[in-house]
Amino acid sequence: MKFNEQKFELLRLGPNTEIKDTTKLYTGKHQQIIPIHAVKCLGVKMSDDATFQQHISEAANKARRMVGWVLRTFKSRGKDVMLALWKALIQPILDYCSQL
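With this note's numbering applied, the sequence shown covers 2 to 101.
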């Protein structure tokens with residue numbers, strides 16, 4: 002199997018910063034894999050301190066933008082219309098991987 006070495010990402014987890022700073026990992030062609038602070042996998046962003054804070058804030062911002070778009074686009078403010086728009090457009094953004 003061939004790997005695309007340009008797409009390798011190294012996310013180091015754990016409290017020992019000495020090991021994180023001194024160890025280096027290389028690809029099969031002896032290119033160093035550069036460590037990153039956050040990685041996105043299947044739409045979920047995880048940081049090197051093992052929190053999902055960046056993912057949560059990005060999802061909240063995306064939902065906030067969608068709410069603004071809904072309020073600018075639809076003139077009706079009826080309960081049924083707003084509930085249907087919430088369930089169809091905004092709630093899926095907030096619910097995706099919310100179990101984490």
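Heads up, the beta-carbon is just placed ideally off N, CA and C, and yes, glycines get one too. All values reported here derive from a predicted model rather than from experimental measurement.
Of the residues T28, F9 and I34, the one placed nearest K21, counting alpha carbons only: Measuring C-alpha to C-alpha distances from K21 to each of T28, F9 and I34 identifies I34 as the nearest.
Same chain, Cβ closer than 8 Å to E10, neighbours up to 5 away in sequence not counted: Excluding the 5 residues flanking it on each side, E10 has same chain C-beta neighbours closer than 8 Å at I34, I37 and V40, in chain order.
Segment limits, beta strand (DSSP E) that includes A39: Note, A39: beta strand (DSSP E), A39 to C42.
DSSP bridge partner residues for L11 (one or two, in chain order): Bridge partners of L11: P36.
Nearest-angstrom Cβ-Cβ length linking L95 and A60, presumed shorter than 8 Å: About 6 Å separates the two Cβ atoms, so the contact holds.
From K3, V71 and Q100, residue whose alpha carbon lies closest to that of W87: With distances taken between Cα atoms, W87 lies closest to V71.
Reduced DSSP category for K3 - H, G, I as helix; E, B as strand; rest coil: K3: coil per DSSP, three-state reduction.
Spatially closest choice to R13 from D49, G29, K25 and M2, by CA coordinates: Distances from the alpha-carbon of R13 to those of D49, G29, K25 and M2 put D49 closest.
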